[in-house]
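Everything below concerns the one structure shown next.
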Amino acid sequence: MTAIEVPPGETRPEPSTALPEPVSEARGVAFAYRRRGLVREVLVSVDLAVRGGELVGLLGTNGSGKTTLLRLLAAAVRPDAGEIRIFGRPAANWSRAELARRVAVLPQQLELPAGFRVSEVVAMGRLPHASRLFSSTDEDDAAVETALLDADALDLAARPVEELSGGERQRVLVAMALAQQPALLLLDEPTVHLDLAHQVALIETVDRLRQSRGIAVVAVLHDLTLASTRVERVAVLDEGRIVADGAPEVVLSRDLVRRVFKVAADEAWTSEGRRLLAPAGTRR
Amino acid sequence: MRAAAVPRPRALVGGPSLTRSGLILGSGVLVLLIVLIVAVAAGSYSVGIGDTTAILGHRLLGIPATVTWSREAETIIFDLRLPRVLTAMLVGGGLAMAGATFQALLRNPLADPYIIGTASGASLGAAIAFMLPLLAPALAIGSATAWIGIGVVQVLAFVGGLGTVLAVYAIARGARGGTVTLLLTGYAVSSVLAAFVALLMHLAGNRLGVIFGWLMGALDGADWGRLAMAAPLVGISLVVLLIRWRRLNVLLLGDAQAAHLGVDVPRERLMLTMVASLATSAVVAISGTIGFVGLVVPHVLRLAIGPDHRLLLPASLLFGAALLAVADLGARLAGGVPVGVVTALIGAPFFLWLLVRSRAVWGAA
Amino acid sequence: MAPLRPRLLSLLLPVLVTLALIAAACGGPVTSTSPSPSGPSPTASAAPFPLSITDDAARSVTLTAKPARIVSLAPSNTEIACALGACAELVGVTDFDDYPASVKDVAKVVLNAKVDIEKVVAAKPDLILAAGNGLTPETVIAQLAGLGYPVLTLYPRTMDGVYADITLVGRALGAPDKAQATIATMQAKVKSVTDAVAGAARPRTFYEVGVFEGTIYTAGKDSFLASLISLAGGEPITGDASSTVIQIEDLVAADPQLIVLGDASYDTTLADPKKAAGTLAKRTGWGAMTAVREGHVLPFLSDILVTRPGPRIVDGLEALAKAIHPDRFGG
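From first to last, the protein sequence lines are chains A, B and C. Taken in order, the first sequence gives residues 1 to 284; the numbers are from my numbering. Taken in order, the second sequence gives residues 1 to 365; the numbers are from my numbering. Taken in order, the third sequence gives residues 1 to 331; the numbers are from my numbering.
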């Protein structure tokens, strides 16, 4: 995979035809939030393509538009300019139901309604596929089971959701997303409320899934260390554009980190030869 | 990856077991049947259970029987009590189901079927109808609608209820705010309409008692004509709501997540609101504004059987119907007390008791 | 279980009855002394039944035979039936019926102003006498008519109206002669009263139906009660055209010379003639009225009579006239 650091103002070359079609692709996408006459431009011109089997870590400072980009890639909102294509088709051509069968979103925070059991909540993820009026098909049941297994939450299946810890809840949410049997999985800062072990476990899980099931995964990450060591590709958003897109050891230069994140970074190498970035201070 | 040593019982994963659902719904049907027989048999004129079932079987199912009962007993059972009890059941079931729907739709535990204006609109319609002979004698067209089996009061109440919901929805959509805006708009519009009702009550003079009685729940005039008007509307609503149980579950996850799961949230919200309001307006039109059933029954059932709408909706229908029929029986035996008073007296303490006994009636994990 | 009857309810009900009767929707003429009742002459050539008559609610009621089981849904209707000799045929009355004394033993089908339809049906009536203007709820009348019972709705708003109703019921009961006789007796009494008070100065008279939380209920303008006060030789002070309520300022402005306490029948604190004026003086604003200052406040214990539009209404008229002009009646 070519690693390119894209200076602002230039566009990225078209991907070669040898690559498979992107699952979700943003082309020259712009987006602004408008409220009562105030306009806040969040994305100016963003190009990003995600393919099956990829795990992309989306990085950027607060307010850089990571969540917005995620929602655009999910075709949950429309861009002000540019276009979004899902499996090559413009997002506008997809019906909501069709989208839900292919794209799953794990929000940053989700309150689970009390009184349900984990398996019932995960089963809600089958809504886009539901075919029978009042019962679930065998495929539905199998999908729920598989989702729980993949998310490492099978032992939680009968538990009431209000009894879950933060990490357990995160796993249940992942399972619910997986129950949709998506081709694209979008995670919005999934590690924010987790302790270290669960953060690592989550990344491992999605990494495993993209490899074994060919799911395309975009995860918004805020932890540079995690991003630099555990994902194969990062995309960095800054001032409304993608300023870096590629393997972290190539793309996440210390210069970029200082420019975008306003921190100095130290680098080190792990025993496996991976480059590790750690914030070192705000002043040099 | 976890080893495959962990057993995976299907029952854990497949959702609520059919036997549990069957048991709950089956007991609901059974309770309803028993309540039907008892409520029709009991009243200020006593008819034995044996005679009651014989009359019902004879007139409803055509079961031949030697007539051991008086003509009056048959009139009372079949022409007076049966339509009344059936009306109470239709109203109770409809209100409970609509209440469950609104509670999910608005994600608000205090939601009842009247929350976005049905009650105030229907009350205004009914009050105008009651006042028509005074306000505009030329418009008192009571006999004109008699051929459909219902009177001006029912028509105006229905129109008032449904019309108000439409107006509230239109206003709230204009403000583009989501559930909170809808709730607040409903509250504001209800207040305005209630003020008009109060004004009419002030002008009512000796008709005040009639209007007030309607507001407290008026099953007195129950007859087959009104049942025939309301039942199909409630039936349509029932079918639509029952089918959409998955979406109601998913809406509990929030608008954003529901949209990600493929739900067209604005359209779904509109459809559910209209359908639930259709049922609510229909039953309010024939029975006045009976409170508490729509609020308490879904909550109590949620505590008892869980929030899954696949079960909650039909259970609300069955047990709401039974509750109101029992409340009406109590109201009749207590000398014709308004049934709304009885539902409040039954509903509130029971609800409080359950609240105290359970950890959470509504909450988030 | 005997229904509880708190004092307020027994106070309110006659007030409601009174209000219902005297509210002027489109009030009839104020006073009437014309002798002939409306309605066709009751001389029947062939058998009087079956017959069709039109009641006060403009409904056509058909009676196939002379009624033998009568249910009355208002005390006035009961009294009319008994005056026409049908007391023995009564099978259902209200719990407020008290005249003649024998009706107290008849089964009660109306309890606390609520009609118990099942009890009505159980009484197997072949004629039901209902009260109009919503006193018997329209839904109840519709339900009973829908079940096939002949329901006659009576709603007299004037003296002539009472005569007409007596005639109507007389036809329904096959007792037209009795009706005529009753009416003649009533008319004679009315004449004797009007003769007795003829020429007397007419005091401004205020009839207090009730005062609740500051709201004053009285006779409505152009109402039956107002017409009775006029016949009895008083100048009635009334509420607005459509209301039985009078504002305190209007009452003070009208300055009654005589206050007749109709609610003394139900409120013992008003029943003592020596203390009545003092009690009223304690009410804010009432002390300024001529009647209160000069002590012309009369407890009136025959409110029942003037609020039941039946045969005894003329007795009520007489009692009223005696209260307004005691000197003309040897008092």
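Beta carbons: idealized from backbone N, C-alpha and C, even for Gly.
Hey, does lysine 119 of chain C have any beta-carbon neighbour from chain B nearer than 8 Å? yes
Residue of C:Val292, C:Phe300 and C:Thr64 minimising C-alpha distance to proline 125 of chain C: C:Thr64
On a CA-only basis, which of C:Ala83, C:Ser72 and C:Ala175 is nearest threonine 136 of chain C? Give me that one, please. C:Ser72
Check this for me: beta carbons of alanine 100 of chain B and leucine 313 of chain B, under 8 Å apart or not? yes
With which residues is isoleucine 86 of chain A paired in a DSSP beta bridge? A:Ser24 and A:Arg89
Report the partner residues of glutamate 294 of chain C according to the DSSP bridge assignment. DSSP lists no partner for glutamate 294 of chain C.
Among all the DSSP beta bridges, which residues are the ones paired with valine 110 of chain C? C:Thr94 and C:Val115
Span of the beta strand (DSSP E) around alanine 244 of chain A: 241 to 246
Simplified DSSP state of threonine 164 of chain B, which is helix, strand or coil: helix
Can you pull the chain B neighbours of alanine 100 of chain A, defined as C-beta to C-beta under 9 Å? Ala259, His260, Leu261, Gly262 and Val263
Using the beta-carbon count (16 or more within 10 Å), is tryptophan 94 of chain A buried or exposed? buried
For glycine 186 of chain B, which three-state DSSP category applies? helix
Secondary structure, beta strand (DSSP E): runs of 3+ residues fully inside the stretch 133 to 216 of chain C: 151 to 154, 204 to 208 and 210 to 212
Looking at the secondary structure, which residues open and close the alpha helix (DSSP H) in which glutamine 266 of chain A lies? As written in the sequence, residue 266 of chain A is aspartate, which differs from the glutamine given in the question. Per DSSP, aspartate 266 of chain A belongs to no alpha helix (DSSP H); it is in the beta strand (DSSP E), 264 to 269.
Alpha-carbon spacing of alanine 30 of chain B relative to leucine 129 of chain C, whole angstroms: The sequence shown places leucine at residue 30 of chain B, not alanine. Using only the alpha carbons, I get a separation of about 43 Å.
By the three-class DSSP mapping on this structure, what secondary structure does threonine 62 of chain C have? strand
Per DSSP, the bridge partner or partners of glycine 281 of chain A: A:Ala264
Between the Cα of valine 103 of chain C and those of C:Glu89, C:Asp116 and C:Lys114, spot the shortest distance and give me the residue it belongs to. C:Glu89
When the Cα atoms are used, what is the spatial distance from leucine 127 of chain A to valine 121 of chain A? 11 Å
Examine the Cβ distances between the stretch 193 to 200 of chain B and the stretch 113 to 124 of chain C and report whether three or more of them are shorter than 8 Å. no
Taking C-alpha atoms, which residue in B:Gly174, B:His309 and B:Val339 lies nearest to phenylalanine 292 of chain B? B:Val339
Apart from the five residues on each side of it in sequence, which residues of its chain come closer than 6 Å, Cβ to Cβ, to threonine 67 of chain A? Asp188
Strictly under 8 Å for the Cβ-Cβ distance: is phenylalanine 134 of chain A near chain B by that measure? yes
Can you list, in chain order, the residues of its chain with a C-beta nearer than 7 Å to that of leucine 219 of chain B? Leave out the 5 residues immediately preceding and following it. Arg84, Thr87, Ala88, Ser287, Asp328 and Val339
Between the beta-carbon of threonine 289 of chain B and the beta-carbon of serine 123 of chain B, is there less than 8 Å? yes
Is the shortest distance between the beta-carbon of glutamine 364 of chain C and the beta-carbons of chain B less than 8 Å? This structure leaves residue 364 of chain C out entirely; chain C is present only between 1 and 331.
Determine the chain B residues that contact alanine 130 of chain A at a beta-carbon separation under 8 Å, and present them in chain order. Arg246
Cβ-Cβ separation, isoleucine 246 of chain C to glycine 285 of chain C (assumed contact under 8 Å), whole Å: Incorrect: roughly 12 Å between the Cβ atoms, too far for contact.
Taking CB distances under 8 Å as the criterion, tell me whether aspartate 308 of chain B reaches chain A. yes
Would you check if the distance between the CB atom of valine 61 of chain C and the CB atom of valine 140 of chain C is smaller than 8 Å? no
So, for aspartate 207 of chain A: in the same chain, excluding its five sequence neighbours on each side, which residues have a beta-carbon less than 6 Å away from its beta-carbon? Leu55
Mark alanine 268 of chain A as exposed unless 16 or more other C-beta atoms lie within 10 angstroms of its C-beta, in which case mark it buried. exposed
Taking the alpha-carbon positions, what's the leucine 317 of chain A to alanine 244 of chain A distance? Residue 317 of chain A falls outside the range modelled here, since chain A spans only 1 to 284, and no answer is possible.
Residues bridged to leucine 276 of chain A [DSSP beta-bridge criterion]: A:Ala268
When you compare each of A:Leu196, A:Leu173 and A:Ala201 to glutamine 257 of chain B by their alpha carbons, which one comes out closest? A:Leu173
Just to confirm my understanding: we take valine 265 of chain B, look at its own chain, exclude 5 residues before and 5 after, and list those with CB closer than 6 Å. What are they? Asp255, Ala258 and Ala259
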